[in-house]
Amino acid sequence: MDTSTNLTRALLAALQAHGAREIFGLPGDFILPFFIEAEEAGTLPLYTLSHEPGVGFAADAATRYGGGIGVAAVTYGAGALNLVNPVAAAYAEKVPLVVVSGAPGARERAGSLLLHHQVRSIDSQLTIFREITCDQAVLDDPGTAPALIARVLARCVRESRPVYIELPRDMARVPCAPVPTLAEPTWDRDAVAACVREVTARLRAAQRPVLVVGIELRRLGLEEQAARLARQLGVPVVTTVMGRGLLAGRGVPLLGTYLGGAGDPLVADAVEESDALLMLGVLPTDTNFAVADGRIDQRHTLMATEGKVFVDHHVYPAIPLAALLEGLLDSGLRAPAPAPEAPGRHCPCDLHADGAPVWPLDIARGINDMLATHGRMPVVSDMGDCFFTALDIEDADLLAPGYYATMGYGVPAGLGLQARTGERPVILVGDGAFQMTGWELGHCRRHGWDPIVIVFNNAGWGMLRSFEPDACFNELGDWHLAAMAAGLGGDGVRVRTRAELAQALQHAATTRGRFQMIEVMLPLGAQSDTLARFVAAARRRNGMC
Ligand SMILES: Cc1ncc(Cc2csc(CCOP(=O)(O)OP(=O)(O)O)c2C)c(N)n1
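The sequence shown begins at 1 in UniProt numbering and counts up by one.
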């Protein structure tokens, strides 16, 4: 068997070894050799979509939900620069995404002509991606390429951040040695022991300890360790907005999601009155804590994030989350008695199937009823009131750009999730966000993807109306989206009443093999309570009252 390999095959093997399970892409002349090699190798399924934002969001969701790493392969210039927003979203939300971009070859670079797709200089693209990735490699020398690929992919996994790999088109097929596997990094065990001692001492002395879990636990594959710690400590567990769905179904006393004044008062009181808030893998973002309005006493927080641990006014600078968890589990710290079962959250369900118009909470009720009847399904949400409504969907994994808050994520992310896992997602998306990337549904037919897509149609940018109710620029008109579903290869129905919604959900849940779009016509001004409270908190915070 030919054991020699070329640079593209070496890269494909390394991507797979680091957890890639597929490639999402949109080719162009600068990356055609890579696509040809990838298709011939067949080691990673190659899914093409119609616009690079969709490619990026699909790759993001595949790894966000399925683990490992996501891969987005695009051409140079127009393709890669179309990918900037999804990669920025992945950086902000700590998603291990690998960008593979084609690029001009050495002879083209040496010429005097301005190349098509070139911006300011041939390296402008690399400069732009330096700002939104944690490491970069230009594979212009087969002698250095294996080590560069090894370094960049190791950082992608270790830091759970996007990385950028530039593959000049004249290098794709040059002979190249396999990519080496790097040794795992070590850490200072004395520093970890000192940190564990201080954290356990604070927890022992606490009267009202609470565990807050955040998205880094999922990104770093540490959810089960965190669940074991929660059961061992016997303390109430709260998720952040970004961490919604974490530890679900793992037998821990989950109180709910912290939304400050915009959420469940029981959860807000537990967090804001705690004298030892152990926050594991929580990113200190405004969407996670802006609604706290300063009600969390920083002197009571023990925050482990980004490889550091912040206690009071000092920092342990290099404590990997895995090491901290291992130390806390081994500390023997445990509750005198198992934590009381968290009081059952009132799950908004039992949709009243009557002739009343549909409000966002009715959609959450209908989805909760559907999941209770037909089994758990992952929920993917775009940004808009659909995201705030998704927070009322119980006991389901939620994928959403809850911090970076970009529109356009929902539909391609749902496709990426089903491509990676085969699981059928429920996708929530507003009419405005659907107009951005919803058309990627046209790819479902050839791949057998069949998401249930619920469009919140209020004929405009509803969230912005919350801030500027009199502005005309937020109006989009009625695009009759359900009527377009058949042409895209799916089934679409438009509903206005709660009875029609209930019937549509039942039909969608029992119809497989084609995507099912339910276009919910919301009455003007219909808004979820959670969004209303978030907007009120934002106005207070920004002095917009
Ligand atoms: C890529 C991007 N461009 C603009 C914006 C800014 C924005 C945040 S929310 C919103 C309106 C969303 O309208 P939609 O109809 O989808 O949903 P709804 O509000 O419930 O009616 C906009 C324009 C963001 N977040 N991302």
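Quick reminder that beta carbons are idealized off the backbone N, C-alpha and C, glycines included.
Here's the rule: buried if 16 or more other CB atoms are within 10 angstroms of the residue's CB, otherwise exposed. What is residue i?
i           : result
residue 556 : Limits of the chain in this structure are 1 at one end and 545 at the other, which puts residue 556 out of reach.
Cys176      : buried
Val315      : exposed
Asp60       : buried
Gly355      : exposed
residue 547 : Beyond the ends of the chain as shown, which are 1 and 545, falls residue 547; an answer cannot be given.
Ser160      : buried
Asp369      : buried
Glu313      : The question names Glu, but residue 313 in the sequence shown is His. When all chains shown are included, His313 counts as exposed.
residue 569 : Examination of residue 569 is not possible in this model, given that the chain is present from 1 through 545 alone.
Arg219      : buried
Ala20       : buried
His300      : buried
Pro523      : exposed
Arg376      : exposed
Phe289      : buried
What would DSSP say about residue i, mapped onto helix, strand or coil?
i      : result
Asn288 : helix
Tyr76  : coil
Asp269 : helix
Gln527 : coil
Tyr388 : Inspection of the sequence shows that residue 388 is occupied by Phe rather than by Tyr. Helix.
Met1   : Caution applies to Met1, whose pLDDT of 39 falls short of 50 and renders its modelled position unreliable; the value that the coordinates give is listed next. Met1: coil per DSSP, three-state reduction.
Arg208 : coil
Met517 : strand
Glu6   : Here the sequence assigns Asn to residue 6, which means Glu is not the residue at that position. Residue state, collapsed to three classes: strand.
Gln118 : coil
Ser466 : helix
Met407 : coil
Tyr91  : helix
Tyr47  : strand
Note down, in chain order, each residue of its chain lying with its Cβ closer than 7 Å to the Cβ of residue i, except the 5 sequence neighbours on either side.
i           : result
His352      : Arg498
Thr186      : none
Pro401      : Ala89, Glu93, Met383 and Tyr409
Arg109      : Ile122
residue 549 : Because the chain in this structure spans residues 1 to 545, residue 549 falls outside the shown range and cannot be described.
Which residues in the same chain as residue i place their Cβ atom closer than 6 Å to its Cβ, once the five residues preceding and following it in sequence are excluded?
i           : result
Met1        : Low confidence applies here, because Met1 scores a pLDDT of 39, under 50, leaving its location unreliable; read the following figure in that light. Cβ within range, chain order: n/a, list empty.
Thr8        : Phe34, Glu37 and Ala172
Pro451      : Gly414, Pro425, Ile427 and Phe515
Phe310      : Met303
Glu394      : Cys347 and Asn368
Ala323      : Trp187 and Val192
His117      : Tyr76, Gly77 and Ala78
Thr133      : Pro162, Val163 and Tyr164
residue 559 : There is simply no residue 559 to check, as the chain begins at 1 and stops at 545 in what is shown.
Arg445      : Gly489
Short of 8 Å in beta carbon distance, which residues of its chain neighbour residue i, apart from the five on each side in sequence? Order them along the chain.
i      : result
Thr3   : Residue placement at Thr3 cannot be trusted, given a pLDDT of 47 that sits under 50; what the coordinates show is reported in the next sentence. Taken in chain order, the list of residues that qualify is empty.
Gly221 : Gly67
Tyr404 : Ala88, Ala89, Ala92 and Glu93
Ala126 : The sequence shown places Leu at residue 126, rather than the Ala named in the question. Gln136, Val138, Tyr164 and Glu166, listed in sequence order.
Val119 : Gly77, Leu81 and Gln125
Thr530 : Leu259, Ala262, Gly263, Phe388, Thr389, Leu391 and Asp392
Kindly say whether residue i, judged by its beta-carbon, lies nearer than 8 Å to any beta-carbon of chain C.
i      : result
Gly261 : Included in the structure is just one protein chain, with no chain C present.
- Message: I want to know whether the segment 219-236 touches the segment 325-337 - three or more CB-CB distances under 8 Å.
- Response: yes
- Given 8 Å, three or more beta-carbon pairs between the segment 438-445 and the segment 460-479: no
- Query: Does the segment 80-90 touch the segment 49-67, meaning 3 or more C-beta pairs lie closer than 8 Å?
  - Reply: yes
- Do the segment 155-170 and the segment 90-100 meet, that is, are 3 or more Cβ pairs less than 8 Å apart? yes
- With contact counted as at least three CB pairs below 8 Å, one residue from each stretch, are the segment 451-462 and the segment 430-437 in contact? yes
- Touching by the beta-carbon criterion (3+ pairs, under 8 Å), the segment 516-528 and the segment 478-494: yes
- Is the segment 187-195 touching the segment 141-159 in the sense that three or more CB pairs, one from each, lie closer than 8 Å? no
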